[in-house]
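Peer 1: Residue numbers (UniProt numbering), protein chains in the order written: chain U, 1 to 126; chain P, 1 to 126.
Backbone N, C-alpha and C define an ideal beta-carbon position, used for all residues, glycine too.
Here it is: the structure, laid out below.
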DNA sequence: TCGAACCCTCACATTGATGTGAGGGTCAAG
DNA sequence: CTTGACCCTCACATCAATGTGAGGGTTCGA
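Next comes the structure, spelled out in structure tokens:
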């Protein structure tokens with residue numbers, strides 16, 4: 001598929017798909033006329049990227065993380081330098097922190113909403 | 001305490017504490033000379049703010065969420081407009097999405113690191 | 001052959017969270 | 001009184017993610 005279709009399928013502006021490529025997050029083949037071509041796997045990858053960006057990770061870190069996500073046998077670690085492993089460990093821990101923070105706050109918001117809804121339910125039938 | 005101490009206790013530059021105030025995330029009393037004064041509760045609140053910012057939430061949303069976090073009896077909902085409740089529900093769901101995304105990716109990174117560490121452990125004693 | 005709908009590469013603008021520093025008060029200790 | 005360590009308010013700078021559009025090719029069907 002070309003960039004327009006990938007854009008539609010992922011809900012991501014073309015501009016950003018080119019930006020992600022520039023940042024080394026995705027790769028695209030080129031047609032003889034210069035058009036980018038993508039295969040289906042890029043759809044999931046772009047979704048991953050968007051999710052991680054939305055969760056506060058910068059592209060620089062996402063770039064490190066993405067190679068870990070190739071489920072079908074990970075053959076991608078012989079090139080892992082010790083400093084890169086340290087980065088990954090740090091990021092793993094930071095992600096855990098984020099999860100904790102988000103969970104705590106999400107639960108608080110949810111509880112708040114539950115209480116409010118109770119109040120409203122108790123008030124309206126009166 | 002004054003801004004310097006709050007800055008130290010939270011590891012947050014003074015500049016940002018003023019910024020958070022400007023965005024309506026925290027409030028500060030003032031001494032007669034204009035200095036900001038904070039009480040201990042602000043330490044936790046600033047930590048919350050930093051955590052949420054780091055998790056990708058904009059100050060505008062954090063501002064909506066913070067009132068939900070006052071555990072000691074929430075007396076703060078009579079002013080809840082329906083549109084604000086909708087915002088909160090949306091945010092709650094987005095936070096859930098973020099948590100899912102982060103968890104999935106964190107687990108993948110963790111698994112990757114485990115595998116790499118196994119490989120290294122198997123290689124070094126040889 | 002013409003127009004619509006694609007695609008390309010710049011390149012400048014914006015927004016939100018920050019950094020940095022100038023210019024200037026306050027206040028306690030020497 | 002002066003110095004150092006605080007504090008204040010601007011205001012401009014930066015960085016990453018994103019918006020916008022100019023200027024220009026390609027392709028395909030009417």
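Does DSSP classify residue 29/P as helix, strand or coil?
Peer 2: Three-state DSSP puts residue 29/P in a strand.
Peer 1: So, for residue 61/P: in the same chain, excluding its five sequence neighbours on each side, which residues have a beta-carbon less than 7 Å away from its beta-carbon?
Peer 2: Within the same chain, residue 61/P has close Cβ partners 91.
Peer 1: Using a Cβ-Cβ distance under 7 Å, would residue 103/P count as near chain U?
Peer 2: For residue 103/P, the answer is yes, since a Cβ of chain U falls inside 7 Å of its Cβ.
Peer 1: CB-CB under 8 Å to residue 6/P, same chain, minus the five flanking residues each way: which ones, in chain order?
Peer 2: Cβ within range, chain order: 12, 17, 38, 42, 43 and 46.
Peer 1: So with Cβ pairs under 7 Å, would you call residue 108/P a contact of chain U?
Peer 2: So yes, residue 108/P belongs to the interface.
Peer 1: With distance defined between alpha-carbon atoms, name the residue in 119/U, 48/U and 105/U nearest to residue 20/U.
Peer 2: When only C-alpha atoms are compared, the closest one is 48/U.
Peer 1: With H, G and I counted as helix, E and B as strand and the rest as coil, what does DSSP make of residue 9/U?
Peer 2: DSSP places residue 9/U in helix when its eight states are reduced to three.
Peer 1: So which residues on chain U does residue 54/P lean against when the C-beta distance must stay under 7 Å?
Peer 2: Those within 7 Å of residue 54/P in chain U are 56 and 98.
Peer 1: Apart from the five residues on each side of it in sequence, which residues of its chain come closer than 7 Å, Cβ to Cβ, to residue 87/P?
Peer 2: Closer than 7 Å at Cβ, skipping near neighbours: 64.
Peer 1: Considering only the alpha carbon of each residue, which of 116/P, 22/P and 25/P lies closest to residue 82/U?
Peer 2: Closest by alpha carbon: 116/P.
Peer 1: Would you kindly work out how many angstroms separate the C-alpha atoms of residue 67/U and residue 35/U, rounded to a whole number?
Peer 2: Each residue's Cα considered, the two are about 25 Å apart.
Peer 1: Do the CB positions of residue 51/U and residue 101/P come within less than 7 Å of each other?
Peer 2: Yes.
Peer 1: To which residues of the same chain is residue 84/P closer than 6 Å at the C-beta, ignoring the five residues directly before and after it?
Peer 2: If we look at residue 84/P and ignore the five residues flanking it on each side, it has no Cβ neighbours.
Peer 1: With DSSP as the reference, label residue 36/P as helix, strand or coil.
Peer 2: Three-state DSSP puts residue 36/P in a strand.
Peer 1: So which residues of chain P does residue 51/U contact, with C-beta pairs closer than 7 Å?
Peer 2: Per Cβ cutoff of 7 Å: 101.
Peer 1: Is there a Cβ of chain P sitting closer than 7 Å to that of residue 69/U, yes or no?
Peer 2: For residue 69/U, the answer is yes, since a Cβ of chain P falls inside 7 Å of its Cβ.
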